[in-house]
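Chains as they are written, first to last, in the numbering used here: chain A, -12 to 314; chain B, 181 to 211.
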């Protein structure tokens, strides 16, 4: 062994670094070339997803929330928020309060409201955008699989959870379960909110929310790059699913959390608690808004009790529904 | 964060969108 060691040249750090770094760059280059050939980007393997999920993102998220809850001294507010504005391209002219000293901490700044006039409601469309952001994907739902981004799908049933069956027909597909008429189809649209976007969400149409289903879960990033890499990402992350009915039948809005934005608030649902320190995997918590006949449901909204008759929570197009919070 | 809309609509429902486009609260998604 001694002789052997004497024969081998002592490994010099620089050549070693060049060798390994060059090898890695070469691997990345050929991997990217594979993508340029039109092949979809390789999906994460179950091991890679498990590894990513084992990362303490909830702990990070909650720590991030605590940090952003710390009140900043007045003199520090302008520099800190100006850095955030510059980094994420925030348009403060649209904010209801433009004076940066008004926001006591980054959490409050993140929840800033907009001037009502800066978001006019499109009158000619029966469906409007619920949030500011970027359209990640949209289209018709084929079979019972939804695309999170082109070519990467997730199961409708895993995403929404079990739905009550109409009648006794157990042979129909999950998708058929949701449809009220064979002349209709299921559609979907995904809006990605970047860190600098306004983070409240509004009602995309006139509809009634019958059920709120909260899935505690991972808090992986939902950045478009990760959405291309992790199949079923939207089924793994913490999310709040609101389901109900609109003029054409089934309607649902789902807010999906992420590492830096782990908390979701729904103004008419004060019971909802997201980004809790502990949760049991695969669990979900329902809140039913369709009261039994004799029960009159009252739910507390941001501006006091929201009227709820036995048919669920009535929401109007453009009405503020909830918000994402840091941490 | 992400908002996912899943809804039933007549088969001739049409989106007025482009993938990757910027969108803001209140802008029409389709009809």
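A virtual CB, placed ideally from N, CA and C, is assigned to each residue, including glycine. Model, not experiment: these values are computed from the prediction.
Can you tell me where the alpha helix (DSSP H) with residue i in it begins and where it stops?
i: residue 35 (chain A); result: 33 to 41
i: residue 48 (chain A); result: 44 to 54
i: residue 108 (chain A); result: Careful: residue 108 (chain A) lies outside any alpha helix (DSSP H) and carries neither H nor E.
i: residue 74 (chain A); result: 61 to 75
i: residue 147 (chain A); result: 143 to 147
i: residue 215 (chain A); result: 211 to 216
i: residue 238 (chain A); result: Where residue 238 (chain A) is concerned, there is no enclosing alpha helix (DSSP H), although the beta strand (DSSP E) it sits in stretches over 236 to 243.
i: residue 221 (chain A); result: 220 to 223
Going by C-alpha to C-alpha distance, which of the options sits closest to residue i?
i: residue 186 (chain A); options: A:136, A:82 and A:50; result: A:82
i: residue 39 (chain A); options: A:227, A:223, A:278 and A:242; result: A:223
i: residue 260 (chain A); options: A:234, A:59, A:179 and A:201; result: A:201
i: residue 148 (chain A); options: A:134, A:139, A:164 and A:137; result: A:164
i: residue 60 (chain A); options: A:159, A:264 and A:90; result: A:90
i: residue 307 (chain A); options: A:244, A:73, A:190 and A:54; result: A:190
i: residue 29 (chain A); options: A:314, A:217, A:278 and A:244; result: A:217
i: residue 233 (chain A); options: B:190, B:205 and B:206; result: B:190
i: residue 237 (chain A); options: A:228, A:211, A:244 and A:121; result: A:228
i: residue 269 (chain A); options: A:226, A:235, A:171 and A:105; result: A:226
i: residue 33 (chain A); options: A:220, A:274 and A:150; result: A:220
i: residue 192 (chain B); options: A:54, A:47 and A:170; result: A:170
i: residue 199 (chain B); options: A:121, A:235, A:181 and A:239; result: A:121
i: residue 50 (chain A); options: A:246, A:274 and A:275; result: A:246
i: residue 55 (chain A); options: A:92, A:107 and A:31; result: A:92
i: residue 101 (chain A); options: A:215, A:80 and A:239; result: A:80
Using a C-beta to C-beta distance shorter than 9 Å, which residues of chain B count as neighbours of residue i?
i: residue 305 (chain A); result: 205 and 206
i: residue 75 (chain A); result: In chain order: nothing, as chain B lies at least about 13 Å away.
i: residue 179 (chain A); result: 181, 182 and 183
i: residue 242 (chain A); result: 181, 182, 183 and 184
i: residue 236 (chain A); result: 187, 188 and 189
i: residue 175 (chain A); result: 184, 185, 186 and 187
i: residue 245 (chain A); result: 181 and 182
What residues from chain B crowd round residue i, counting only those whose CB sits closer than 8 Å?
i: residue 107 (chain A); result: 206
i: residue 171 (chain A); result: 188, 189, 190 and 191
i: residue 191 (chain A); result: 185 and 209
i: residue 124 (chain A); result: 199
i: residue 121 (chain A); result: 200, 201, 202 and 203
i: residue 142 (chain A); result: None at all; the shortest Cβ gap to chain B is about 12 Å.
Residues in the same chain with beta-carbon distance under 6 Å from residue i, minus the five sequence neighbours each way, listed in chain order, please.
i: residue 188 (chain B); result: none
i: residue 202 (chain B); result: none
i: residue 309 (chain A); result: 188, 252, 253 and 254
i: residue 194 (chain B); result: 210
i: residue 289 (chain A); result: Bear in mind that the predicted position of residue 289 (chain A) carries a pLDDT of just 49, short of 50, making it unreliable; the figure below should be weighed with that in mind. Correct list, in chain order: 254.
i: residue 126 (chain A); result: none
i: residue 267 (chain A); result: none
i: residue 183 (chain B); result: none
i: residue 343 (chain A); result: Because residue 343 (chain A) is not part of the residues shown, which for chain A are -12 to 314, the question remains open.
Terminal residues of the continuous beta strand (DSSP E) containing residue i?
i: residue 324 (chain A); result: Past the edges of chain A, shown from -12 to 314, lies residue 324 (chain A), and the structure says nothing about it.
i: residue 91 (chain A); result: Looking at the DSSP string, residue 91 (chain A) is not in any beta strand (DSSP E), and its letter there is neither H nor E.
i: residue 160 (chain A); result: Where residue 160 (chain A) is concerned, there is no enclosing beta strand (DSSP E), given that its DSSP letter is neither H nor E.
i: residue 352 (chain A); result: Because chain A spans -12 through 314 in this model, residue 352 (chain A) falls outside it and cannot be assessed.
i: residue 179 (chain A); result: 171 to 179
i: residue 57 (chain A); result: That residue, residue 57 (chain A), is in no beta strand (DSSP E); it is neither H nor E in DSSP.
i: residue 230 (chain A); result: 226 to 233
i: residue 312 (chain A); result: 307 to 312
i: residue 206 (chain B); result: Taken as a continuous stretch (DSSP letters only), residue 206 (chain B) belongs to no beta strand (DSSP E), as it is neither H nor E.
i: residue 182 (chain B); result: 182 to 190
i: residue 123 (chain A); result: 120 to 127
i: residue 82 (chain A); result: Residue 82 (chain A) -> no beta strand (DSSP E), and no H or E assigned at all.
i: residue 272 (chain A); result: 272 to 275
Going along the chain, which residues of its own chain have a beta-carbon closer than 7 Å to the beta-carbon of residue i, five neighbours each way excluded?
i: residue 162 (chain A); result: 128, 130, 131, 143 and 173
i: residue 359 (chain A); result: No answer is possible for residue 359 (chain A): the residues shown for chain A start at -12 and end at 314.
i: residue 64 (chain A); result: 87, 88 and 90
i: residue 109 (chain A); result: 115
i: residue 211 (chain A); result: 123, 136 and 179
i: residue 168 (chain A); result: 236
Identify, in the order they occur along the chain, each residue of the same chain with its Cβ nearer than 8 Å to the Cβ of residue i, setting aside the five sequence neighbours on each side.
i: residue 197 (chain B); result: 203, 209 and 210
i: residue 160 (chain A); result: 130 and 131
i: residue 45 (chain A); result: 205, 206, 249, 262 and 264
i: residue 291 (chain A); result: In this prediction, residue 291 (chain A) scores a pLDDT of 45, lower than 50, which makes its location untrustworthy; no coordinate-derived value is stated.
i: residue 77 (chain A); result: 71 and 183
i: residue 96 (chain A); result: 68, 71, 87 and 90
i: residue 52 (chain A); result: 94, 249, 250, 262, 312, 313 and 314
i: residue 206 (chain B); result: none
i: residue 98 (chain A); result: 186, 187, 310 and 312
i: residue 57 (chain A); result: 92
Can you pull the chain B residues whose beta carbon is under 7 Å from the beta carbon of residue i, in chain order?
i: residue 113 (chain A); result: 211
i: residue 118 (chain A); result: 183 and 205
i: residue 209 (chain A); result: 181 and 182
i: residue 206 (chain A); result: Correct list: empty, because the minimum Cβ distance to chain B is about 10 Å.
i: residue 311 (chain A); result: 181
i: residue 165 (chain A); result: 188
Say the cut is 7 Å; is the CB of residue i nearer than that to a heavy atom of the ligand PLP?
i: residue 204 (chain B); result: For the structure depicted, the ligand PLP is absent and the ligand set is empty, with no information on it obtainable.
The segment 187 to 200 of chain A in contact with the segment 299 to 310 of chain A per 3-pair CB rule at 8 Å | The answer is yes - the segment 299 to 310 of chain A touches the segment 187 to 200 of chain A, with three or more Cβ pairs under 8 Å.
Are the segment 161 to 178 of chain A and the segment 244 to 255 of chain A touching by the rule of at least three beta carbon pairs closer than 8 Å?
-> Too few Cβ pairs lie closer than 8 Å, so no.
Do three or more CB pairs link the segment 104 to 117 of chain A to the segment 197 to 217 of chain A at distances below 8 Å?
-> Taking 8 Å as the limit for Cβ pairs, the verdict is that the segment 197 to 217 of chain A does not touch the segment 104 to 117 of chain A.
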